[in-house]
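In my numbering, the protein residues as written are 4 to 160.
Every residue, glycine too, gets a C-beta built ideally from N, C-alpha and C.
None of these values were measured; they are calculated from a predicted model.
Data block below; observations after.
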Ligand SMILES: [Mg+2]
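Structure below.
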């Protein structure tokens with residue numbers, strides 16, 4: 004659990020981290036360097052879920068040595084709605100979600116904390132507009148979850 008409150012009284016109790024894979028944790032299907040270590044650190048506080056169309060067919064091998072991750076590969080069609088539903092079934096008020104593509108927009112909107120990342124693959128404007136926070140690099144986003152004072156500094160109004 005990652006718990007923190009903003010000066011305006013809004014409080015967060017986050018128990019799940021739901022992540023897109025390609026463009027978010029991986030580029031061209033390959034996990035970005037350093038991501039694995041950061042997810043290991045976060046797995047002590049958050050249940051980690053990867054939700055992906057798995058365009059390159061690499062997500063299961065990328066996490067073969069990381070059994071604490073729940074991998075959910077989406078069937079084709081209506082992926083925005085499928086991702087949103089996954090957030091709702093997991094318990095949206097306890098979810099921080101991270102993604103980059105257009106099909107992540109409803110997921111970021113629905114999650115208690117929605118984070119967009121840009122990186123090499125770019126991010127969909129629609130998804131950026133639904134995010135609470137935007138990072139240029141997933142490693143900065145994951146590091147910030149490990150340091151809630153940074154979250155408070157960015158989210159306070
Ligand atoms: Mg993506």
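- Excluding its 5 nearest sequence neighbours in each direction, residue 10 has C-beta neighbours in its own chain below 7 Å: 159, listed in chain order.
- Within its own chain, the residues whose Cβ lies closer than 8 Å to the Cβ of residue 4, once the five positions on either side in sequence are excluded, are 16, 17, 18, 48, 49, listed in chain order.
- Fewer than three Cβ pairs drawn from the region 86–97 and the region 65–72 lie within less than 8 Å of each other, which leaves the two stretches out of contact.
- Here residue 113 is buried: its Cβ has 16 or more other Cβ atoms, across all protein chains shown, within 10 Å.
- The beta carbon of residue 56 lies closer than 7 Å to those of 77, 82 in the same chain, with the five residues before and after it left out.
- When beta bridges are read from the DSSP output, residue 43 appears opposite no residue.
- For residue 98, the enclosing beta strand (DSSP E) covers residues 98–102.
- In summary, residue 133 is buried, with 16 or more beta-carbon neighbours lying within 10 Å of its beta-carbon over all protein chains present.
- Positions of the beta strand (DSSP E) runs, each at least 3 residues long and wholly inside the region 48–95, are given as 50–55, 72–76 in order along the chain.
- Counting other Cβ atoms within 10 Å of its Cβ, residue 23 reaches 16 or more and is therefore classed as buried.
- Your pair residue 20 and residue 43 does not check out as a contact, with CB atoms roughly 12 Å apart and the cut at 8 Å.
- Between ligand 1 and the CB of residue 23, the shortest heavy atom gap is smaller than 7 Å.
- Non-local beta-carbon contacts of residue 126 in its own chain, meaning distances under 7 Å to residues more than five positions away in sequence, involve 103, 119, 120 in chain order.
- Residue state for residue 25 is assigned as strand, using DSSP reduced to three classes.
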